[in-house]
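Novice:
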Amino acid sequence: MCDHTENDEFAGEYAPRELSPVETLRHSFAHLLASAVADLYPGTKFGTGPHVEHGFYYDMQIPVPVSIDDLPKIEEKMREIAKGNHKFERFMLEREDALKWAAEAGQGFKAEIIEGIPHGKISFYKHAGFTDMCAGPHVNYSSKLKHFKLTAISGAYWRANDQNPQMTRIYGVAFEQKEELEGHLKMLEEAAKRDHRKLGKELELFQITQEYGGGLVLWMPNGAFIRKTIEDFWRDEHLRRGYNFLFTPHVAPATLWDRSGHNQNYRDSMYSPMEVEGQMYQLKPMNCPFHIGVFNHRQRSYRELPLRYAELGTVYRFERSGALHGLMRVRGFTQDDAHIFCTRETLEAEIAGCLDIAQTMYQTFGFPDYKVELSVRDAKNSKNFLGSDEIWELAESTLAKVLESRNIPYTRVEGEAAFYGPKIDVKVIDAIGRVWQLTTVQLDFNLPERFDLGYIGADNAEHRPIMVHRALLGSLERFFGILIEHYAGDFPVWLAPVQAKVLPLSEKFLDYGRDVVQSLRNAGLRAELDVSDEKLGYKVRRAEMEKVPYALVVGGREAETRTVGVRKRKDGDLGSMSIEAFAERLADEAKNKVR
RNA sequence: GCCGACAUAGCUCAGCCGGUAGAGCAGCGCUUUCGUAAAGCGCAGGUCGUCGGUUCAAGUCCGACUGUCGGCUCCA
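Heads up: the first sequence is residues 5 to 599, going by my numbering.
#1: Using the three-state DSSP reduction, which class does Y216 fall into: helix, strand or coil?
#2: From which residue to which residue does the beta strand (DSSP E) around T415 run?
#3: So who's on the other strand from A600, going by DSSP bridges?
#4: So, for Q65: in the same chain, excluding its five sequence neighbours on each side, which residues have a beta-carbon less than 6 Å away from its beta-carbon?
#5: Near E605, what residues of its chain come up, given a Cβ to Cβ distance below 8 Å and the 5 sequence neighbours on each side ignored?
#6: Please classify C6: does DSSP put it in a helix, a strand, or coil?
#7: Look at the alpha carbon of L287 and the alpha carbon of Y216, and state the distance between them as a whole number of angstroms.
#8: Around the Cβ of R271, are there at least 16 other Cβ atoms within 10 angstroms (buried) or fewer (exposed)?
#9: Mind checking who Q603 pairs with in its DSSP beta bridge?
#10: Would you decide whether K387 is buried or exposed? Buried here means 16 or more other CB atoms lie within 10 Å of its CB.
#11: Just reading off the beta strand (DSSP E) that I66 is part of, what are its end residues?
#12: D341 and A475 look like a contact to me (Cβ under 8 Å); what is the Cβ gap, rounded to whole Å?
#13: Roughly how many angstroms separate the alpha carbons of D373 and E489, rounded to a whole number?
#14: Identify every residue that forms a DSSP beta bridge with K572.
#15: With hydrogens ignored, establish whether the beta-carbon of T28 is closer than 7 Å to any heavy atom of the ligand HEM.
#16: Please name the residue, chosen from R312, R410, G246, I470, that lies closest to D456 on a Cα-to-Cα basis.
#17: Please return the same chain residues whose Cβ sits closer than 7 Å to the Cβ of A527, not counting the five positions on each side in sequence.
#18: Extract the residue ranges of the alpha helix (DSSP H) inside the stretch 515 to 564, only unbroken runs of 4 or more that lie entirely within it.
#19: So within the stretch 301 to 384, which uninterrupted beta strand (DSSP E) runs reach at least 3 residues, ignoring any that extend past its ends?
#20: Closest by CA to V406, which one among K427, A421, G419?
#21: What residue range does the beta strand (DSSP E) around L268 cover?
#22: When burial is assigned at 16 or more other CB atoms within 10 Å of the CB, is E418 buried or exposed?
#23: For Q503, count neighbouring Cβ atoms within 10 angstroms of its own Cβ and tell me buried if that reaches 16, exposed if not.
#24: Using a 10 Å radius around the Cβ and a threshold of 16 neighbouring Cβ atoms, would you call D448 buried or exposed?
#25: Thinking just about the alpha-carbon of each residue, which of V570, K512, L578, R545 is nearest to the one in G560?
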């Protein structure tokens, strides 16, 4: 699981490989960057410089501190070199000669890479007097390197291991066409505008402060309302699918976490124990042991399976301070968790049920596109995985079968399964094309053993149930963060904390405004009155900025005819409507969860 | 935790080469009673993240710490 990227990255430096034209371009940019840095900062030692999703980076050890302010200078140097129209020339050296080159050039990281290459010649590229060991391929002339921008600088560990020296990583984005680069930069701008931390503050959705603990979320009224609405919907969907709800404690005796294996396998993410009357307790990092406790309450019969236990369970996991990030990465969060205990015969139907409810979620929250991964064990290293070949084969083939029967395209990832079972992960694509992991459906062959789970079958013998662990939205905190950015804060009517804001033209119409608000509230809608002593234009502007779906203007005309002047967020004036007609329209939108 | 940057009013930000703080918005008050994205005037609001150092004098220079941001690592 952990060595995968490392091997990939280094394979790239020597193994023959196929890159697409745009990947080749991006990889060439990495070398252009390296040559610029070598020029500006003599003595720089180079690590690796791969292409990444929208561009490239290069990890280097630069002898002087370099900050983001130096990027324009480096970028300029890159453009200068690129314009020189240098040829990228490839040449090969024998291993010993390559090592000699690395020693002479003081390129220790390259030497390390060469040492990892078992045999064969080593490939080098040279352009503009700069030589770098690299498998390539590259574009033929530097003049093809045009549309790029250096975007970030950061620390990165050599070979992604925090025991190794830290290098400076410079990131850039690069595209074949100018328009693509511009589009991408615009997307980044748009992403910054949608930043959930910024919107969270502006719209008063949540707060995370040092005083109340880093990574611990205070849901403020607007955010709390949205969460409650999400939870209500979530519970309704579970109820109709035959789930039972649980509530379980936030702490448990350390002995429970010993039995579950968390103290052995999940230690790094758990908080220190606290003593209660001589017994040690720990905050829960997961809900599973409690759900198992409920299952184990008494002897189970095959007739009552499958049992589906669901809980919006709040868990606590230690995260290093540098890893915290708004709502996306926190120390206390609520999983939309469930554990299903079933037999082999019903496993397929249960997995299908999980995907079905997951798809309902994506559809409702407006994520039409998603990617699915099926993580299976590495059959060559079956001893690293717990459970018999037979159960693994059944489990993997069942997961694949469900995906296929539902016509869900998926990628099969060998060796990415957890040691205790295979899983299906789903990543949704948001409004500006970013990918977010949401759903995970995992089979667990470990905990049923550890807790000796059993049920009595039709044959009157005891059998081990199959345990499915699944979360659809992942965590409510993270999902809320994703949702804020997906909608850019413009929540649809069914989620909006305030659905309509009534704007009296002047104080004279406050009374009629109150009537309107009350009528809407009586119809089960969420309306508020703007009582400020401001002109209409100002109130309209504020309603827009507060991202309230509808603003209702009430003045003399409206008061006389018992109507409201309807203004839809972003779309503007829709004309006047009777209070009842508007209430109906709003209720309809809310009911149908119109986006 | 590591690398780099940053930390000034509730928010967004000015404050050059050191001379004991400034704007806009928000808030409050008064005037205004207004027709679809900002009416006018006034008031109040900060021991400039914390601690230490240099200096006659420190938001301003130096150091440490804390936090935030971009990454790394990890991951819901």
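Heads up, the beta-carbon is just placed ideally off N, CA and C, and yes, glycines get one too.
Specialist: On the basis of the data shown:
#1: Locating residue 216 in the first sequence gives position 212, counting from the first residue. Note: Y216 maps to coil in three-state DSSP.
#2: Position 411 of the first sequence holds residue 415. DSSP places T415 in the uninterrupted beta strand (DSSP E) bounded by 415 to 418.
#3: Because the chain here runs from 5 to 599, residue 600 falls outside it and cannot be looked at.
#4: One-based indexing of the first sequence puts residue 65 at position 61. Taken in chain order, the residues that qualify are K49, M171.
#5: Residue 605 is absent from the model: the chain starts at 5 and stops at 599.
#6: Walking along the first sequence from the start, residue 6 turns up at place 2. Residue placement at C6 cannot be trusted, given a pLDDT of 26 that sits under 50; what the coordinates show is reported in the next sentence. DSSP places C6 in coil when its eight states are reduced to three.
#7: Start at 1 with the first residue of the first sequence, and residue 287 comes out as number 283. Start at 1 with the first residue of the first sequence, and residue 216 comes out as number 212. Approximately 18 Å, taken between the alpha carbons.
#8: The sequence position of residue 271 within the first sequence is 267, counting from 1. Exposed, since its Cβ has fewer than 16 Cβ neighbours within 10 Å.
#9: Outside the modelled stretch of the chain, which goes from 5 to 599, sits residue 603, for which no answer is possible.
#10: One-based indexing of the first sequence puts residue 387 at position 383. Exposed: under 16 other Cβ atoms inside 10 Å.
#11: Here residue 66 refers to the residue found at position 62 when the first sequence is read from its first residue. Run containing I66: none; DSSP gives neither H nor E here.
#12: In the first sequence, the residue the question calls residue 341 occupies position 337. In the first sequence, the residue the question calls residue 475 occupies position 471. At roughly 5 Å, the Cβ-Cβ gap stays under 8 Å, so D341 and A475 are in contact.
#13: Sequence index remark: in the first sequence, residue 373 carries index 369 (1-based). Sequence index remark: in the first sequence, residue 489 carries index 485 (1-based). Their backbone Cα atoms lie some 16 Å apart in a straight line.
#14: As a first step, residue 572 must be located in the first sequence, where it is residue number 568. Under DSSP, the beta-bridge partners assigned to K572 are Y554, G576.
#15: You won't find the ligand HEM in this model; it holds no ligand whatsoever.
#16: Translated into positions along the first sequence, residue 456 becomes position 452. Among R312, R410, G246, I470, the Cα nearest to that of D456 is on I470.
#17: Translated into positions along the first sequence, residue 527 becomes position 523. Excluding residues within five positions, the ones whose Cβ falls inside 7 Å are A587, A591.
#18: If one requires a minimum length of 4 residues, the alpha helix (DSSP H) runs lying completely within the stretch 515 to 564 are 540 to 549, in chain order.
#19: If only complete runs of 3 or more residues are kept, the stretch 301 to 384 shows the beta strand (DSSP E) at 311 to 320, 336 to 346, 374 to 380, in order along the chain.
#20: One-based indexing of the first sequence puts residue 406 at position 402. The option with the nearest alpha carbon to V406 is K427.
#21: Taking the first sequence and counting its residues from 1, one reaches residue 268 at position 264. It should be pointed out that residue 268 corresponds to Gln in this sequence rather than to Leu. Segment 266 to 269 is the alpha helix (DSSP H) holding Q268; no beta strand (DSSP E) there.
#22: As a working note, residue 418 is residue 414 in the first sequence. Classification of E418: exposed, given that the 10 Å Cβ count is below 16.
#23: Stepping through the first sequence from its first residue, residue 503 is reached at position 499. Its Cβ being crowded by 16 or more others within 10 Å, Q503 is buried.
#24: Locating residue 448 in the first sequence gives position 444, counting from the first residue. So D448 ends up on the buried side.
#25: Here residue 560 is taken as the residue at index 556 of the first sequence, counted from 1. Of V570, K512, L578, R545, the residue nearest in Cα terms is K512.
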